[in-house]
Structure formats: C-alpha cells, structure tokens
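Visitor: Before we start, here is the structure in question, set down as structure tokens.
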Amino acid sequence: MKKIIPAETKKRINQIETLFEISKAIVSDKYVNEVLGLIVNIIAKTMNSKICSILLLDEKKQELFIVATQSLSEGYIKKPNLKIGQGISGIVVKGNRPVMSIDVTKDKRYMYPEIVKKEGIVSMLSVPIAIKGRVVGVINNYTPQRHKFTDKEIKLLQTISGQAALAIENSKLMNELVSTRELLQTRKSVERAKGILMRELSLNEEDAYRVIQKKSMDSSKPMKEIAEAIILTYELKKQV
C-alpha cells in the first residue's frame with residue numbers, strides 16, 4: 000500500500016528543495032542577474048505567486064528599481080522607481096523588516112493601483128535583502144487571491160532573501176576584485192610607459208606622467224590604452 004505523505008510534510012519537502020535549488024545557483028558560475036532571475040521563478044513556483052520580483056537599491060539616487068521578475072507584464076516591469084520610504088517596498092527598505100498587505104487594492108501604501116487592476120494581484124509580502132545589516136533591496140511576492148502569509152512563508156522568503164544577498168555580495172566582491180586587478184594592470188602599464196618616455200625623451204618622472212595624462216585627456220582614451228600604445232611603439236621601434 001502506497002504511503003500517503005501529509006500535506007505539511009510535502010510543503011516542507013518543497014521548501015527544502017527550493018532552498019537547495021537556489022543554493023546550487025549561487026555556487027554555480029552563473030552571472031548574478033541569472034541567479035536572481037532563477038530565484039524569482041523558483042519563489043513564484045513554490046509560493047504560487049502571480050508576480051515575484053527583486054528590486055535593488057540605487058544608493059546614489061536612493062531609489063529601488065526592478066532587476067528580476069518572472070512577470071512578462073510590460074506595465075509592471077516599466078513601473079516607476081520607488082524612493083526609500085515610498086510605497087510598501089520603500090517602507091521595507093527604510094525599516095529593514097518584512098511588510099505584508101493582505102489586500103493591495105485597498106492599501107493606500109501601494110503606489111500603483113492601475114497595475115493592481117491590470118495584473119489581478121491582491122496580497123503582497125515584501126522582505127528586505129540585507130548585507131551585513133545594510134539593506135540593498137527587497138523581494139516582493141504577490142498572490143492573485145486574498146492571502147494572509149503564514150509565519151512559515153515569511154520565514155521562507157526571509158531565508159531566500161539571505162541567499163539573494165549572498166549572490167549579490169559575491170557579485171560585488173568579484174567586481175571589486177576585477178576593478179582592483181584592472182587598476183594594478185593600469186599602474187603597471189603606466190609605470191613602464193613612463194620609463195620609456197624618460198629614457199627616450201630625457202624627461203623626468205613627473206613630466207613623463209603628464210605626457211601620458213595629456214594624451215589620455217586629448218584623445219578621451221584611458222591612460223592604460225595610451226600607455227600600452229607607447230609600449231607597443233617602443234617595441235616595434237626596437238625591431239626596426
């Protein structure tokens with residue numbers, strides 16, 4: 000006789016599988032936008048969402064903008080950015096805590112009533128994405144029916160937001176690593192080009208640097224590119 004698995008156990012198994020799938024994506028070689036796209040799709044499937052989206056904070060503009068959603072709605076994707084403290088998502092960022100709205104059609108905090116009508120969304124759960132206590136975005140989850148999110152559902156979304164934060168942090172660290180490496184390469188090239196100019200044109204170090212800097216400004220090209228051109232010219236000259 001086939002054993003019947005209780006509904007609560009099935010739900011728990013689904014949650015574990017969800018977290019496992021997201022963990023696999025984070026440690027893969029996918030780009031962060033691909034990982035975030037996968038996360039919203041997995042959440043939507045697991046929680047029966049009408050729309051799931053991830054918004055990140057533009058720290059300069061102090062605005063939230065959409066970076067990932069499984070929704071194909073152009074109206075939702077192109078909706079205006081939110082300021083910190085504005086709308087439900089903005090409140091979540093400001094307070095660094097989850098906010099639930101059982102009915103966004105009647106909730107004055109929700110900023111886009113026209114999207115609510117068009118997309119047929121009713122309930123919303125928004126949780127912060129935080130890195131070391133600093134909020135960098137939110138995950139928003141919408142249902143097509145009136146729904147009071149349970150403590151377990153809120154906890155699941157918070158756990159997933161922690162995984163999203165890890166993916167974002169890994170991406171930032173990688174970008175910083177690439178930037179540092181590029182900076183070191185630029186310095187190396189500039190130092191070598193300076194040495195060539197000092198020898199070939201009998202310039203002191205400061206004047207040699209100014210020559211590279213001026214050529215960079217005049218041509219609107221990076222100093223690394225100018226330095227590499229000087230090095231290449233010197234190498235070709237040696238071969239003649």
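Following numbering that gives the first Met the number 0, the numbering of the sequence shown begins with 0 at its first residue and continues without gaps.
Ideal Cβ positions, reconstructed from N, Cα and C, are used throughout, including at glycine.
Per DSSP, T142 forms a beta bridge with which residues?
Guide: As a first step, residue 142 must be located in the sequence shown, where it is residue number 143. Looking at the DSSP assignment, T142 forms a beta bridge with S122.
Visitor: For K82, which residues does DSSP report across the bridge?
Guide: Against the sequence shown, residue 82 aligns to sequence position 83. Beta-bridge partners assigned by DSSP to K82: E62.
Visitor: With A167 and V39 assumed to form a contact (beta carbons below 8 Å), what rounded beta-carbon distance in angstroms separates them?
Guide: Position 168 of the sequence shown, counted from the first residue, corresponds to residue 167. Position 40 of the sequence shown, counted from the first residue, corresponds to residue 39. Before going further, note that residue 167 is Ile rather than Ala in the sequence given. About 14 Å separates the Cβ atoms of I167 and V39, ruling out a contact at the 8 Å cut-off.
Visitor: Between the C-alpha atoms of I42 and L156, what's the straight-line distance to the nearest angstrom?
Guide: For the purposes of this step, residue 42 is taken as residue 43 along the sequence shown, with counting starting at 1. For the purposes of this step, residue 156 is taken as residue 157 along the sequence shown, with counting starting at 1. Rounded to whole angstroms, I42 to L156 spans 8 Å at the Cα level.
Visitor: Is the region 109-116 touching the region 124-140, taking contact as three or more C-beta pairs under 8 Å?
Guide: no
Visitor: Can you give the Cα-Cα distance for L54 and A226, rounded to whole angstroms?
Guide: Numbered from 1 along the sequence shown, position 55 holds the residue referred to as residue 54. Numbered from 1 along the sequence shown, position 227 holds the residue referred to as residue 226. If you take the alpha carbons of L54 and A226, they lie about 40 Å apart.
Visitor: Counting C-beta neighbours from all protein chains within 10 Å, is the total for P127 16 or more, i.e. buried, or is it exposed?
Guide: As a working note, residue 127 is residue 128 in the sequence shown. By the 10 Å Cβ count, P127 comes out buried.
Visitor: Start and end of the beta strand (DSSP E) containing I53?
Guide: Position 54 of the sequence shown, counted from the start, is the residue given in the question as residue 53. Where I53 is concerned, the enclosing beta strand (DSSP E) stretches over 50-57.
Visitor: Who are the Cβ neighbours of G86 in its own chain at under 7 Å, not counting the five residues just before and after it?
Guide: As a working mapping, residue 86 is identified with position 87 in the sequence shown. R108, Y109, M110.
Visitor: Would you call the CB atoms of L196 and I229 closer than 8 Å?
Guide: The residue labelled residue 196 in the question sits at position 197 within the sequence shown. The residue labelled residue 229 in the question sits at position 230 within the sequence shown. Contact check for L196 against I229 passes: the beta carbons are separated by less than 8 Å.
Visitor: Going by CA-CA distance only, name the one from I211, A67, T185 that's closest to K77.
Guide: As a first step, residue 77 is located in the sequence shown; it is residue number 78 there, counting from the start. Cα-wise, what sits closest to K77 is A67.
Visitor: What separation, rounded to the nearest whole angstrom, lies between the Cα atoms of D206 and S218?
Guide: Walking along the sequence shown from the start, residue 206 turns up at place 207. Walking along the sequence shown from the start, residue 218 turns up at place 219. Taking the straight line joining both Cα atoms gives about 18 Å.
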